[in-house]
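Taking this note's numbering, I'd label the letters of the sequence shown as residues 47 to 298.
Note that beta-carbon positions come from the ideal geometry of N, C-alpha and C, so glycine has one too.
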Amino acid sequence: MTARIAIPEPTSLDHAYSSRALPQYIQALRSAGTTPLPIPLTERPEVVARLLAGTQGVLLLGSRYDIDPQVYGEERIPECADPDPARAAVDELLLQDAFNLRKPVLAICYGIQSLNVWRNGSLLQDLHAAGFTAVNHAPGRHIDEAHPIRLAPGSRLERLVPANGLPLLVNSSHHQALKAAGDNLRVTATCPVDGVIEAVELNSPDHFVVGVQWHPERTYATSDLSRALFAALVHEAEAWRPQPARESVLPA
């Protein structure tokens with residue numbers, strides 16, 4: 047049976063943006079051999095729970111809005127975009143379900159930030175305001191190779207596409223980034239030019255939870271790493287069976 051992957055709508059605040067962005071994720075999931083199940087941000091929690099009962103994995107996607115900094119204990123600065131409470135609420139429901147039942151998770155751009163904050167991590171509200179100016183992390187959607195990343199040896203990402211210690215090139219479309227990794231999340235990729243965190247994964251050998259700051263859905267057709275990320279999510283979803291939460295902590 048083909049696995050079904052829960053995927054929230056990008057935002058409740060800009061229908062035009064959601065209409066443009068969502069199809070790219072849907073197409074990448076379908077190309078990887080799975081069935082996406084979009085989760086409307088207007089649904090009540092009990093309806094979301096019923097929808098999630100028929101899924102085997104989660105994809106948290108990007109958004110043009112930001113997470114409310116008060117959630118991670120900071121006052122909002124002018125460069126921080128408005129929050130989207132409906133998206134935040136649905137992300138929390140999806141993450142609770144995934145961690146309670148150990149469903150695989152792939153989190154992209156806003157998604158990695160949502161995952162990190164949910165795990166009690168924090169964010170840089172704006173890279174330029176925080177002094178990260180050596181690399182343009184938001185050069186535009188048409189740039190497929192915006193900057194390099196370096197993968198941590200032995201990480202899930204490194205095993206997906208061994209880079210032999212050499213940087214890989216990824217696209218980039220974000221003004222925020224992770225500041226401190228959340229509970230039991232390991233940093234597994236950084237930009238070697240400025241040190242910005244580009245990926246994290248759960249410190250667990252048997253629960254696939256990977257977050258990336260770039261947009262693999264946009265380069266699915268041209269990037270081995272992008273295809274490998276979606277293939278890994280699908281593989282884990284197809285192998286998933288209901289089981290109770292049991293995080294295995296590994297040394298970072």
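Quick check on this structure: which residue in the options has the alpha carbon closest to the alpha carbon of residue i?
{"i": "Val258", "options": "Pro288, Asn162 and Thr179", "result": "Asn162"}
{"i": "Val216", "options": "His61, Glu263 and Thr88", "result": "Glu263"}
{"i": "Val151", "options": "Gly119, Arg287 and Ala52", "result": "Ala52"}
{"i": "Ala49", "options": "Asn166, Ala245, Gly103 and Leu248", "result": "Gly103"}
{"i": "Val256", "options": "Pro213, His221, Thr57 and Leu206", "result": "Leu206"}
{"i": "Arg133", "options": "Pro199, Gln171 and Gln159", "result": "Gln159"}
{"i": "Pro131", "options": "Pro124, Arg66, Leu248 and Leu59", "result": "Leu59"}
{"i": "Ala283", "options": "Ala176, His61 and Leu75", "result": "Leu75"}
{"i": "His281", "options": "Pro194, Pro115, Gln171 and Lys149", "result": "Lys149"}
{"i": "Ser272", "options": "Glu55, His61, Ser109 and Glu191", "result": "Glu191"}
Hey, quick one: how far does the beta strand (DSSP E) through residue i stretch, first residue to last?
{"i": "Val233", "result": "Leu231 to Thr236"}
{"i": "Ile243", "result": "Ile243 to Leu248"}
{"i": "Leu224", "result": "Ala223 to Ala226"}
{"i": "Gly257", "result": "Val255 to Val258"}
With DSSP as the reference, label residue i as helix, strand or coil.
{"i": "Leu107", "result": "coil"}
{"i": "Ile85", "result": "strand"}
{"i": "Ile115", "result": "The sequence given here places Pro at residue 115; Ile does not occur at that position. Reduced to three states, the DSSP call for Pro115 is helix."}
{"i": "Ala298", "result": "With a pLDDT of 36 at Ala298, under the threshold of 50, the modelled position of that residue is not reliable, and the figure given next carries that caveat. Reduced to three states, the DSSP call for Ala298 is coil."}
{"i": "Leu59", "result": "coil"}
{"i": "Pro54", "result": "strand"}
{"i": "Val239", "result": "coil"}
In terms of residue numbering, what span does the alpha helix (DSSP H) encompassing residue i cover?
{"i": "Val280", "result": "Asp270 to Ala285"}
{"i": "Arg264", "result": "From DSSP, Arg264 is part of no alpha helix (DSSP H); its letter is neither H nor E."}
{"i": "Ile123", "result": "Run containing Ile123: none; DSSP gives neither H nor E here."}
{"i": "Val93", "result": "Pro91 to Leu98"}
### beta strand (DSSP E) runs wholly inside the region 145 to 213, at least 3 long, in chain order
151 to 154, 168 to 170 and 193 to 197
### Message
With three or more C-beta pairs closer than 8 Å as the rule, is the region 128 to 146 touching the region 174 to 191?
### Response
no
### Query
Does the region 189 to 202 come within contact of the region 221 to 237, defined as at least 3 CB pairs closer than 8 Å?
yes
### Message
So, does the region 210 to 229 touch the region 163 to 172, judging by three or more C-beta pairs under 8 Å?
### Response
yes
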